[in-house]
Amino acid sequence: MSQRSSPEALGPLVPAMTAWRRDIHAHPELGFEEHRTAALVARELEAAGIEVTTGIAGTGVVGTIRGTGMVEPLRGAGMVEPLRGRAGNRAIGLRADMDALAMTEVTGAAYASTVPGKMHACGHDGHTAMLLGAATFLAANRDAFAGTVHLIFQPAEESLGGAKAMLEDGLFDRFPVDAVYGLHNLPGLPLGIVAVPKGPVLASSDTWQASFTGRGSHGAKPHQGTDATLAAAQFIAALHSIVAREVDPLRTAVASVGHIAAGNPRAPNVIPSEVHLAGTARALAPLERDLLERRIGELAHGIAAMHGLVADYRYIRRLSPTVNHPAQAALAYRAALAAMGEARDDHPPITAGEDFSEMLLARPGAYAWLGTGDPPHPDGQHHNPHFDFVDAALAHGAAWWCSVVETELG
Ligand SMILES: [Zn+2]
Ligand SMILES: [Zn+2]
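Take the sequence shown: its position 293, counting from 1, is numbered 293 in the UniProt record's numbering, and each next residue is one higher.
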């Protein structure tokens with residue numbers, strides 16, 4: 001007899017999920033180095049009787065569960081609805097990320113990182129533990145759904161392109177899915193609340209680099225050279241006019257300068273011949289992303305020409321915007337309502353980036369936020385050394401995963 005998922009139904013798995021989460025937390029591994037974490041995942045999936053494939057894009061793991069539920073044809077007005085019978089052939093992917101960040105933890109937790117300079121500061125330890133919990137529950141309740149669930153444990157979400165690497169390693173050729181779902185913890189959103197935005201969830205995340213090269217000179221005789229520092233200053237001011245003056249005020253884009261390098265602090269009386277700048281560019285849609293790429297470059301070249309300098313410009317597209325597909329977002333929202341009795345579908349987009357965007361470009365799907373309430377430490381936001389995943393949310397996240405399966409394949 002199968003059990004309908006809810007945080008209460010997942011309750012018996014909370015001690016195991018907490019233990020996995022803290023074990024992974026104490027032993028953080030950076031992108032594509034998640035050997036211990038992947039081994040833990042494979043071991044626990046096998047213990048739950050789940051088919052396991054390891055070594056996808058290096059440390060990626062996929063667990064596969066085949067439902068045994070019978071799909072009964074719906075009878076209405078004396079006829080059998082033909083499409084229902086096909087549901088048993090459907091498959092969906094559920095994705096969690098496993099990597100940690102190159103930071104030093106200061107939480108002082110009993111299960112704090114044992115590896116100096118590495119910590120789980122984004123909660124991927126919690127994501128992995130929740131998907132393991134959901135996998136264990138689903139494996140024990142196979143009659144609750146028909147079709148196939150592929151549990152995707154992804155390496156290297158933090159800036160190293162683990163999702164893309166898994167796709168290039170044939171993820172969806174080897175494990176075909178009709179839809180794919182992702183989940184991320186979110187401090188500030190009430191504990192246990194799942195929010196599934198209807199459209200854009202996260203921004204594109206790209207890097208730009210610009211350099212200005214001229215002729216250096218004595219600081220006392222600027223007329224003998226061409227001053228790259230003045231061009232850099234004007235470039236920064238002009239860069240910030242793109243979003244202010246060229247982007248629709250009701251739409252979203254961000255351009256920030258994150259790096260400037262020029263000259264030598266021990267030679268302040270020398271005008272340097274080169275200035276290097278780099279920064280980030282974010283947008284929720286291709287229109288603004290393309291605009292940023294083009295205009296930052298035009299400004300760099302235009303300002304260089306104005307000062308008799310040479311500009312070098314590069315724009316590196318790293319992550320596409322994460323945009324939910326409407327049908328799957330609606331389903332993921334209904335799944336949260338069914339499991340928790342409460343959910344949100346109106347969460348505003350965030351200008352951070354996420355490489356689940358690559359999976360959403362390959363297959364229909366949705367990405368959801370899992371509220372973890374006020375962080376235990378006031379500074380404990382993502383990527384802060386005080387961050388710690390909130391274990392009280394484990395049952396809710398796992399219940400949502402299971403409910404997505406029951407809603408998609410039940
Ligand atoms: Zn992160
Ligand atoms: Zn993250």
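Note that CB positions come from ideal geometry on N, CA and C, so glycine has one too.
Which of helix, strand or coil DSSP assigns to residue i
| i | result |
| --- | --- |
| D346 | coil |
| G373 | coil |
| F387 | coil |
| D23 | helix |
| S320 | coil |
| Y333 | helix |
| A261 | strand |
| G126 | helix |
| P155 | coil |
| P200 | strand |
| A398 | helix |
| H240 | helix |
Where the alpha helix (DSSP H) containing residue i begins and where it ends
| i | result |
| --- | --- |
| residue 411 | Here the chain has residues from 1 to 410 only, and residue 411 is not among them. |
| G279 | From DSSP, G279 is part of no alpha helix (DSSP H) but of the beta strand (DSSP E) over 274 to 283. |
| A300 | 286 to 306 |
| F356 | 356 to 362 |
| E46 | 35 to 47 |
Pairwise C-alpha distance: residue j and residue i
| i | j | result |
| --- | --- | --- |
| T213 | P200 | 39 Å |
| A48 | A135 | 8 Å |
| Q209 | G279 | 7 Å |
| T407 | S5 | 11 Å |
| D248 | S204 | 17 Å |
| A398 | T18 | 12 Å |
Contacts around residue i, its chain only, beta-carbon distance under 7 Å, and the 5 residues preceding and following it disregarded
| i | result |
| --- | --- |
| R86 | Low per-residue confidence applies at R86: pLDDT is 46, beneath 50, and the placement is therefore not dependable, though the value from the model is reported in the following sentence. Hits under 7 Å: none found. |
| L292 | I242, A253, A255, A281, A283 |
| A109 | D388 |
| P28 | A100, S113, V115, K118, M119, H120 |
Closest Cα partner of residue i within the set the options
| i | options | result |
| --- | --- | --- |
| V180 | I303, R174, I92 | I92 |
| T54 | E34, R289, R66, G219 | E34 |
| E46 | G133, T18, T68, A96 | G133 |
| D143 | H120, D178, G69 | G69 |
| N384 | A39, A399, M119, E51 | M119 |
| I152 | E105, R95, G182 | R95 |
| H150 | A139, E158, H223 | A139 |
| L246 | L287, G258, R317, I236 | Reading off the sequence, residue 246 comes out as Glu, not Leu. Comparing Cα-Cα distances from E246 to each of L287, G258, R317, I236, the minimum goes to L287. |
Boundaries of the beta strand (DSSP E) in which residue i is found, first to last residue
| i | result |
| --- | --- |
| Q209 | 204 to 213 |
| residue 412 | Any question about residue 412 goes unanswered here, given that the chain covers just 1 to 410. |
Beta-carbon contacts of residue i that lie in its chain and below 8 Å, excluding the five residues immediately before and after
| i | result |
| --- | --- |
| R363 | G93, F172, V177, D178, A179, V180 |
| P268 | G219 |
Close beta carbons around residue i, own chain, < 6 Å, minus the five adjacent residues each side
| i | result |
| --- | --- |
| W20 | A129, L132 |
Residue i: CB within 7 Å of a non-hydrogen atom of ligand 3
| i | result |
| --- | --- |
| E342 | Among the ligands modelled here, namely ligand 1 and ligand 2, ligand 3 does not occur. |
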